[in-house]
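Here this note's numbering runs 8 ahead of the position in the sequence shown, where the first position is 1.
Where is the CB? At the ideal position from N, CA and C, for every residue including glycine.
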Amino acid sequence: MIDPSGEDVADLSVRVVSTIAAVAAETWDRCANPVSLEPSDPSEPRGERHNPFLSHAFLSALEEAGCTGPRAGWQPVHVVVETANGDVVGVAPTYIKSHSQGEYVFDQGWADAYERAGGHYYPKIQVAVPFTPVTGRRLLVAEGPFGDAAATALCAGLDALRTQVKASSIHLTFLTKPEWDMLGERDYLQRTDQQFHFINDGYADFETFLAALASRKRKMIRRERKDALANGITIEHVTGRDLTEAHWDAFYRFYMDTGARKWGRPYLNRKFFSLIGQSMPERVLLVLAKRENRYIAGAINFIGDDALYGRNWGAVEEHPFLHFEVCYYQAIDFALSRGLARVEAGAQGEHKLARGYRAVPTYSAHHIADRRLAQAVSDYLERERAYAADALEAYAEHAPFRRPEPEQE
Numbered sequence: 009m010i011d012p013s014g015e016d017v018a019d020l021s022v023r024v025v026s027t028i029a030a031v032a033a034e035t036w037d038r039c040a041n042p043v044s045l046e047p048s049d050p051s052e053p054r055g056e057r058h059n060p061f062l063s064h065a066f067l068s069a070l071e072e073a074g075c076t077g078p079r080a081g082w083q084p085v086h087v088v089v090e091t092a093n094g095d096v097v098g099v100a101p102t103y104i105k106s107h108s109q110g111e112y113v114f115d116q117g118w119a120d121a122y123e124r125a126g127g128h129y130y131p132k133i134q135v136a137v138p139f140t141p142v143t144g145r146r147l148l149v150a151e152g153p154f155g156d157a158a159a160t161a162l163c164a165g166l167d168a169l170r171t172q173v174k175a176s177s178i179h180l181t182f183l184t185k186p187e188w189d190m191l192g193e194r195d196y197l198q199r200t201d202q203q204f205h206f207i208n209d210g211y212a213d214f215e216t217f218l219a220a221l222a223s224r225k226r227k228m229i230r231r232e233r234k235d236a237l238a239n240g241i242t243i244e245h246v247t248g249r250d251l252t253e254a255h256w257d258a259f260y261r262f263y264m265d266t267g268a269r270k271w272g273r274p275y276l277n278r279k280f281f282s283l284i285g286q287s288m289p290e291r292v293l294l295v296l297a298k299r300e301n302r303y304i305a306g307a308i309n310f311i312g313d314d315a316l317y318g319r320n321w322g323a324v325e326e327h328p329f330l331h332f333e334v335c336y337y338q339a340i341d342f343a344l345s346r347g348l349a350r351v352e353a354g355a356q357g358e359h360k361l362a363r364g365y366r367a368v369p370t371y372s373a374h375h376i377a378d379r380r381l382a383q384a385v386s387d388y389l390e391r392e393r394a395y396a397a398d399a400l401e402a403y404a405e406h407a408p409f410r411r412p413e414p415e416q417e
């Protein structure tokens, strides 16, 4: 139990658990994914009704497989808020970090500067979904009368936890805009960036989407799709109970190849994929490319109620535009067939803009205990936010969609 002293948290108590298994799946998911949340505005995708990455199944698979844990530098210290009757009304996926890897919101420069000044940046507190640059709520509050008080209690619990473990800072990454605003009022430092998402503007199918593009971009995409499959390559979608260990074996080979080349050591292990295949298969989509009766490439996606989330990709053969086909165009096809509002294709990638994806903002909030470091970071973030806002405007100007015809006088 930790003491959120100094906060108005009604009749609530706060405790920390060292594994998500200490919270029943139904209890966690009641906070993480309330079933009656309204769909998000497609142009501001920040209110996902069911976010699969926040689910007990996803987070527990990371822990059970050993992808998170003290040895991985992601020590679970999930914050739990309870009523006097022991009912859980709020949770936060929380970790003690001994490094800054697997976060996709980069603070290594802050750490280096603080260490050079004689401080200790690690450990730090991270409220996030490990290895997953996907926006979602981070202060997970169940529906009911304790909403605001439970969110306040979670914040107070994080503050108390930081003091207890002598962490330098608290970081909530890829959180929603309302949470970002609320934490800004609590004097958290505010950071912005951007990603590229496909927004479904009511397209009936892929051809309808193409019709909305400028002619040159439309022709480019058609050519890329044709060339990607020119060498006898076929595409399979595998989801739900059709997923087998053979599919996971194939995909894991692709994942390891890409991970070894990009990061040196991939974050996810083979056991993790088997676990999510068992516990949440209906939320998983594998897009696999096959040539000469052999899988040669693939991408894993997760299916939300409003969005398709593209996560990891890999290939053991090089073919022109195959990456675009498997990761972007097939994702759009699938999302449109399901009536999903958007496709979130992960971090970075300005090349997505030319392929019908649009720049959208992402948010993170940071509390740094040392006032000197906090002031330096605050000054930096003020400039960074201005740059990020300018970049969003520039990306909007270069979107590949047809320009409206000027009105005739």
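Asked	Found
Would you kindly work out how many angstroms separate the C-alpha atoms of Gly347 and Tyr211, rounded to a whole number?	9 Å
For Gly126, does the count of other Cβ atoms within 10 angstroms reach 16, so buried, or fall short, so exposed?	exposed
Just checking, does the segment 30-41 make contact with the segment 144-155 on the three C-beta pairs under 8 Å criterion?	yes
Output needed for Pro53: all residues of its chain with C-beta closer than 6 Å, excluding positions within five of it in sequence on either side, in chain order.	For Pro53, the predicted structure reports a pLDDT of 42, less than 50, and the residue's modelled location is therefore unreliable. A value from the coordinates is still provided. Taken in chain order, the residues that qualify are Arg350.
Tell whether a beta-carbon distance below 8 Å holds between Leu162 and Ala373.	no
Assign Pro7 to buried or exposed, taking buried as 16 or more other Cβ atoms, counted over all protein chains shown, within 10 Å of its Cβ.	Residue 7 lies beyond the range of the chain shown here (9 to 417); nothing can be said about it.
Taking Cβ to Cβ, would you say His236 is nearer than 8 Å to Phe332?	For the sequence presented, residue 236 should be read as Ala rather than His. Cβ atoms of Ala236 and Phe332: closer than 8 Å.
For Gly306, which residues does DSSP report across the bridge?	Leu296, Gly322
Between the Cα of His58 and those of Ala222, Gly312, Pro186, Tyr365, spot the shortest distance and give me the residue it belongs to.	Gly312
When you compare only the Cα positions, how much space is there between Ala168 and Val246?	45 Å
Would the beta-carbon of His245 be found less than 7 Å away from any heavy atom of the ligand MG?	Ligands displayed in this structure: none; no statement on the ligand MG is therefore possible.
If I follow the unbroken beta strand (DSSP E) through Tyr371, where does it start and stop?	366-376
Any idea what DSSP makes of Gly210, helix, strand or coil?	coil
Between Leu166 and chain D, is there a C-beta pair that is closer than 8 Å?	You won't find chain D in this structure, because it holds only one protein chain.
Does DSSP put His64 in a helix, in a strand, or in coil?	helix
Can you find at least 3 beta carbon pairs, one from the segment 108-124 and one from the segment 62-71, that sit closer than 8 Å?	no
Which one of Ala164, Asp314, His107 has the shortest CA to CA distance from Arg79?	His107
What is the DSSP secondary structure of Tyr388, reduced to helix, strand or coil?	helix
Can you find the residues in the same chain that come closer than 7 Å, C-beta to C-beta, to Gly357, ignoring five residues on each side of it along the sequence?	Phe204
Using CA atoms only, rank isn't needed, just tell me which of Glu326, Arg319, Val324, Lys298 is closest to Tyr336.	Arg319
My guess is that Phe206 and Gly144 are in contact by the Cβ rule of under 8 Å, so how many angstroms apart are they, rounded?	That pair is no contact at about 18 Å.
Is the beta carbon of Gly322 less than 8 Å from the beta carbon of Tyr263?	yes
Are the beta-carbon atoms of Tyr260 and Phe281 separated by less than 8 Å?	yes
I believe Pro5 touches Arg249 by the beta-carbon criterion, under 8 Å. Please report the beta-carbon distance rounded to the nearest angstrom.	Past the edges of the chain, shown from 9 to 417, lies residue 5, and the structure says nothing about it.
Within 10 angstroms of the Cβ of Ser51, are there 16 or more other Cβ atoms? Answer buried if so, exposed if not.	In this prediction, Ser51 scores a pLDDT of 43, lower than 50, which makes its location untrustworthy; the coordinate-derived value is nonetheless stated afterwards. Exposed, because fewer than 16 other Cβ atoms sit within 10 Å of the Cβ of Ser51.
Keeping to the same chain, check which residues put their C-beta closer than 7 Å to that of Tyr275; ignore five residues upstream and five downstream.	Cys75, Gly110, Phe139
Along the chain, where does the alpha helix (DSSP H) containing Gly98 start, and where does it finish?	Unbroken run through Gly98 is the beta strand (DSSP E), 96-100; no alpha helix (DSSP H).
What does DSSP give as the partner residue(s) for Glu90 in the beta ladder?	Ser21, Val96
In whole angstroms, give me the CA-to-CA distance for Ser26 and Val87.	9 Å
Excluding the 5 residues preceding and the 5 following Asn301 in the sequence, name in chain order all residues of the same chain whose CB lies nearer than 8 Å to its CB.	none
Roughly how many angstroms separate the alpha carbons of Asn93 and Ala220, rounded to a whole number?	55 Å
For the segment 233-292, list the beta strand (DSSP E) runs that are entirely contained and at least 3 residues long, ordered along the chain.	242-247
Alpha carbon to alpha carbon, what distance is there between Arg410 and Asp213?	17 Å
So Ala367 and Ala404 are supposed to be a Cβ contact under 8 Å. How far apart are they, rounded?	7 Å
Just verifying my parser: in three-state terms, what is the DSSP assignment at Pro53?	Confidence is the limiting factor: at Pro53 the pLDDT is only 42, short of 50, which leaves the residue's position unreliable, though a coordinate-based value still follows. Looking at Pro53 - three-state DSSP - the assignment turns out to be coil, as it is neither helix nor strand.
Less than 8 Å between C-beta atoms, sequence neighbours within five positions excluded: which residues of the same chain meet that for Ala339?	Phe206, Val295, Ala307, Asn309, Leu316, Gly318, Val351, Ala353
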